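Comments concern the structure below.
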Amino acid sequence: MEKRFDSAALILPMFGLGLVLVIWTAISFKVAPDLPSPWRTWQESQQYILDPFFKDGEMNQGILRFSFLSLIRVAKGFLLAIAIGTPLGFLLGLSTNFNRAFDPVIQVLRPISPLAWLPLGLVIFKQSEPAALFTIALCAMWPTVINTAMGVRSISTEYLNVGRVLKLSPMKKLRKIMIPATLPYMFTGYRLSLGMAWLVIVAAEMLTGSPGLGGFLWQEYNSLVYSHILLSVVTIGLIGFGLDRLMSVIERRFKTA
Amino acid sequence: MAYLELRGVSKSYVRAARSPSQTNGKLPVLRDVNLRIDENEFVCVVGRSGSGKTTLISLIAGLVEPDRGEILLEGKPIDGPSPDRGVVFQNYSLLPWMTVFENVYLAVDAVGPHLAEAEKRERTEHYIRLVNLGAAMKKVPRELSGGMRQRVAVARGLAMDPKVLLLDEPFSALDALTRGTLQEELARIWMETRKTVVMITNDIDEAILLADSIYTLAPGSDTTLGPAVRVDTPHPRSRAQLGGAPGYQRVRRETVSLLVTAGKDHAGYGTPAKGGIALN
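Protein sequences, first through last, are from chains H and G. Going by the numbering used here, 179 is the number at position 174 of the first sequence; the sequence numbering is gapless. Going by the numbering used here, 687 is the number at position 4 of the second sequence; the sequence numbering is gapless.
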């Protein structure tokens with residue numbers, strides 16, 4: 006019984022992948038002749054994959070080099086997002102008045118697309134790099150803000166009563182009770198924020214033309230090398246998946262009984 | 684002068700309206716509760732679930748404010764919660780992200796922030812050993828059984844070095860054997876420390892084993908305390924010796940009858956005492 010289940014767990018994902026490749030091939034031959042088939046994509050991209058660290062000018066680098074550049078940019082934007090988002094979430098969770106004042110603003114800002122923020126960032130900062138970080142941080146912040154606020158609101162009164170009976174100072178209450186009790190929620194927020202930051206990076210790089218996966222993708226579209234678009238798309242997907250796995254491992258560590 | 688005194692304490696909770704046509708009502712819980720406790724006395728309050736026992740302990744702890752009446756400790760009105768009324772909560776309320784040591788240390792540090800670090804550690808270990816958990820200092824609550832968790836909660840309560848130790852049904856979630864052991868340990872610890880204790884329980888035998896005075900809380904809402912039943916058997920008492928003691932049956936009968944008759948004055952009470960109170 007167990008053996009059969011194991012092989013199914015291996016075969017079914019392979020089947021899914023295979024089916025996608027078949028559909029992709031079919032589309033490239035029958036529907037959209039400009040779309041490279043999986044095989045052509047591989048042939049035209051293998052230099053980037055097999056020599057992932059080569060560098061031949063700013064916009065022509067191995068795929069891992071581009072990935073690294075994008076990851077660094079995402080890391081900066083993400084850290085900025087959680088550095089602002091965590092305290093903001095705490096304030097929203099702690100104070101009803103603060104929540105009343107700023108919750109509507111947040112609900113309005115939250116659905117705004119990175120494509121809308123980026124031009125504003127360029128207007129404010131006049132340079133593409135800070136504008137990209139501004140956009141990533143602003144879009145990626147909300148899951149952290151909302152989850153942290155929810156975590157603070159759901160701290161059990163049992164724990165708070167311990168703090169009250171011991172007459173802990175506000176700082177001590179924050180450090181010993183509120184932050185540890187909120188950590189699992191915070192990390193759920195961080196995981197979602199990182200996913201959001203990775204979504205935004207492509208848009209930010211495309212519009213600013215910065216070297217990275219998104220910038221490369223846009224450049225290759227303009228140079229009519231469509232297979233490299235697909236290379237970028239697949240890489241973006243794989244890295245996004247990897248980041249999410251990584252964060253959920255960290256998240257699980259902070260789950261307290 | 685009584686050490687801890689409750690004077691005409693009443694408490695109602697706001698009952699939220701169930702439909703728009705209703706208005707928010709008041710749900711009276713305790714009415715005109717009077718209680719005088721001497722220093723070093725062990726007092727038990729016995730009542731069924733829903734009789735406002737936890738409300739009573741929360742009032743003394745200062746976690747909720749009375750609507751009317753006042754609570755005095757050493758003649759001074761209490762002002763909110765404080766470690767001088769250390770609480771051992773019914774559900775232990777240990778902080779799950781801290782080890783046993785850290786949970787107890789938090790209390791030691793809160794009441795003696797000026798103490799030297801070594802002194803704080805020593806006190807913490809002292810209280811943990813007092814409840815026989817010396818081997819579990821580095822464990823987190825998740826790794827402990829219910830009985831062990833409750834020991835940690837008792838250690839933390841004692842570590843506050845309170846003037847009055849408040850115990851809210853501390854053993855109700857434990858199996859009978861563990862409960863028996865912990866009751867005897869609590870009796871031993873009380874003999875050693877001679878704290879003033881107010882303990883809430885639904886177990887008459889537990890009350891008779893531990894208390895100097897037993898008060899009953901009638902079931903139902905809007906209830907008040909019955910008269911004190913004195914337990915004169917000297918400490919330390921043992922379960923075996925209690926059963927044969929001459930006063931035992933009388934104390935038990937009085938307590939049970941207070942629980943039953945007191946309840947008859949109140950609406951919504953129609954069945955004889957059972958469930959929470961063991962009659963056999």
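We treat Cβ as the ideally placed atom computed from N, Cα and C, and that holds for glycine. Given the structure is predicted, the values throughout are model-derived calculations rather than measurements.
(1) Name, please, each residue of chain H whose Cβ falls closer than 7 Å to the Cβ of G:ALA793.
(2) For the stretch 742 to 776 of chain G, enumerate the residues whose C-beta is nearer than 9 Å to any C-beta of chain H, in chain order.
(3) Given G:GLU852, which residues of its chain have a CB within under 8 Å of its CB, disregarding the five upstream and five downstream residues?
(4) Classify H:LEU143 as helix, strand or coil using the three-state DSSP reduction.
(5) Below 8 Å on the Cβ atoms is my contact criterion, and I expect G:LEU965 with G:SER695 to pass it. Report the Cβ-Cβ distance as a whole number of Å.
(6) Among H:PHE107, H:VAL170, H:GLY194, which residue has its Cα nearest to the Cα of H:PRO148?
(7) Which ranges does the alpha helix (DSSP H) cover as unbroken runs of at least 4 residues, wholly within the stretch 189 to 243 of chain H, from first to last along the chain?
(8) Just list the residues that DSSP pairs G:VAL787 with in beta bridges.
(9) If you draw a straight line from the C-alpha of G:ARG698 to the C-alpha of G:VAL712, how long is it?
(10) So what's G:LYS709 in DSSP terms, helix, strand or just coil?
(11) Give me the DSSP bridge partner(s) of G:GLU852.
(12) Closer than 8 Å, Cβ to Cβ, to anything on chain G: give me those residues from the stretch 154 to 169 of chain H, in chain order.
(13) Compare the C-beta of H:LYS181 against all C-beta atoms of chain G and say whether one is closer than 8 Å.
(14) What are the residues of the stretch 182 to 207 of chain H that lie near chain G, defined by any Cβ-Cβ distance shorter than 9 Å?
(15) Over what stretch of residues does the alpha helix (DSSP H) that includes H:VAL128 continue unbroken?
(16) What do you get for G:LYS821, buried or exposed, if any count of 16 or more other CB atoms within 10 angstroms of its CB means buried?
(17) Taking the straight line between their C-alpha atoms, what separation do you get for H:LYS177 and G:MET831?
(18) Rounded to a whole number of angstroms, what is the C-alpha to C-alpha distance between H:LEU96 and G:LEU850?
(19) Just the C-alpha distance for G:LEU962 and G:GLY930, rounded to the nearest angstrom, thanks.
(20) Going by the CB atoms, is the gap between H:SER215 and H:SER133 shorter than 8 Å?
(21) By Cβ distance, which residues of its chain are closer than 7 Å to H:ALA136, with the 5 residues on each side in sequence left out?
(22) I need the straight-line Cα distance from H:ALA80 to H:ALA86, nearest angstrom please.
(23) Please determine whether the Cβ atom of H:LEU236 lies at a distance below 7 Å from any heavy atom of the ligand PLP.
(24) Taking 8 Å as the CB-CB limit, is G:ALA666 close to chain H?
(25) Determine the closest residue to H:PRO116 out of H:CYS144, H:LEU138, H:ASN104, H:PHE107, with distance taken between C-alpha atoms.
(26) Could you give the C-beta distance for G:VAL770 and G:ILE740, rounded to a whole number, given that I count them as a contact under 8 Å?
(27) To the nearest angstrom, how far is the alpha carbon of G:TYR952 from that of G:VAL943?
(28) Taking C-alpha atoms, which residue in H:PRO43, H:ALA88, H:PHE83, H:ILE151 lies nearest to H:LEU114?
(29) Identify whether G:LEU816 lies in helix, strand or coil by the three-state DSSP scheme.
(30) Per DSSP, what kind of secondary structure is G:VAL716 in: helix, strand or coil?
(31) Of all the residues that make up the stretch 873 to 884 of chain G, which are near chain H by a beta-carbon distance shorter than 9 Å?
(32) Starting from G:THR864, trace the alpha helix (DSSP H) both ways and give me its first and last residue.
(33) Taking Cβ positions only, does G:MET663 come closer than 8 Å to chain H?
(34) Would you mind giving the Cβ-Cβ distance between G:GLY745 and G:ILE761, rounded to the nearest angstrom? I have them listed as a contact below 8 Å.
(35) H:ARG158 to H:ALA186, Cα distance in whole Å?
(36) With DSSP collapsed to three states, give me the class of G:TYR931.
Taking the geometry as given:
(1) Result: LEU171, LYS172, LEU173.
(2) Flagged, chain order: ALA744, GLY745, LEU746, GLY763, PRO764, SER765, PRO766, ARG768, GLY769, VAL770, PHE772, ASN774, TYR775, SER776.
(3) Around G:GLU852: LYS736, THR737, GLN773, ILE883, THR884, ASN885.
(4) The three-state secondary structure of H:LEU143, taken from DSSP, is helix.
(5) Nothing about residue 965 of chain G can be read from this structure; chain G reaches only from 684 to 963.
(6) If you compare the alpha carbons of H:PHE107, H:VAL170, H:GLY194 with that of H:PRO148, the shortest gap goes to H:GLY194.
(7) The stretch 189 to 243 of chain H contains, as complete alpha helix (DSSP H) runs of 4+ residues, the segments 218 to 227 (chain order).
(8) Per DSSP, none; premise fails for G:VAL787.
(9) Answer to the nearest angstrom: the Cα atoms are 11 Å apart.
(10) If DSSP states are grouped into helix, strand and coil, G:LYS709 belongs with the strands.
(11) BP columns for G:GLU852 are empty, so no partner.
(12) Close to chain G, meaning a Cβ-Cβ distance shorter than 8 Å, are the following residues of the stretch 154 to 169 of chain H: GLU163, TYR164, ASN166, VAL167, ARG169.
(13) At a cut-off of 8 Å between C-beta atoms, H:LYS181 counts as an interface residue with respect to chain G.
(14) For the stretch 182 to 207 of chain H, which is checked against every Cβ of chain G, the residues closer than 9 Å are ILE182, PRO185, ALA186, LEU188.
(15) It spans 119 to 130 - the alpha helix (DSSP H) in which H:VAL128 sits, taken as one unbroken run.
(16) By the 10 Å Cβ count, G:LYS821 comes out exposed.
(17) If I take the Cα positions, the gap works out to 26 Å.
(18) About 34 Å.
(19) Caution is warranted here: a pLDDT of 33 is assigned to G:LEU962, below 50, making its placement in the model unreliable, and no coordinate value can be reported.
(20) Going by C-beta atoms, H:SER133 is nearer than 8 Å to H:SER215.
(21) These residues qualify, in order along the chain: LEU123, GLY126, LEU127, PHE130, THR213.
(22) Here the C-alpha atom of H:ALA80 lies approximately 10 Å from the C-alpha atom of H:ALA86.
(23) For the structure depicted, the ligand PLP is absent and the ligand set is empty, with no information on it obtainable.
(24) A query on residue 666 of chain G cannot be resolved here, the shown segment of chain G reaching from 684 to 963 and no further.
(25) Nearest of H:CYS144, H:LEU138, H:ASN104, H:PHE107 to H:PRO116, Cα basis: H:CYS144.
(26) Correct: roughly 7 Å between the Cβ atoms.
(27) Because G:TYR952 carries a pLDDT of 37, less than 50, the predicted location of this residue cannot be relied on, and the following value inherits that uncertainty. In this structure, the CA atom of G:TYR952 is about 9 Å from the CA atom of G:VAL943.
(28) When each option's Cα is compared against that of H:LEU114, the closest is H:ILE151.
(29) It is coil, neither helix nor strand.
(30) Three-state DSSP puts G:VAL716 in a strand.
(31) Cβ contacts with chain H: none found.
(32) 859 to 876 is the span of the alpha helix (DSSP H), which, as asked, contains G:THR864.
(33) Residue numbering for chain G in the displayed model covers 684 to 963; residue 663 of chain G lies beyond these limits and cannot be assessed.
(34) That belief holds up - the Cβ atoms of G:GLY745 and G:ILE761 are roughly 5 Å apart, short of 8 Å.
(35) Looking at the two C-alpha atoms, the distance is approximately 10 Å.
(36) In this structure, G:TYR931 counts as helix in the three-state DSSP scheme.
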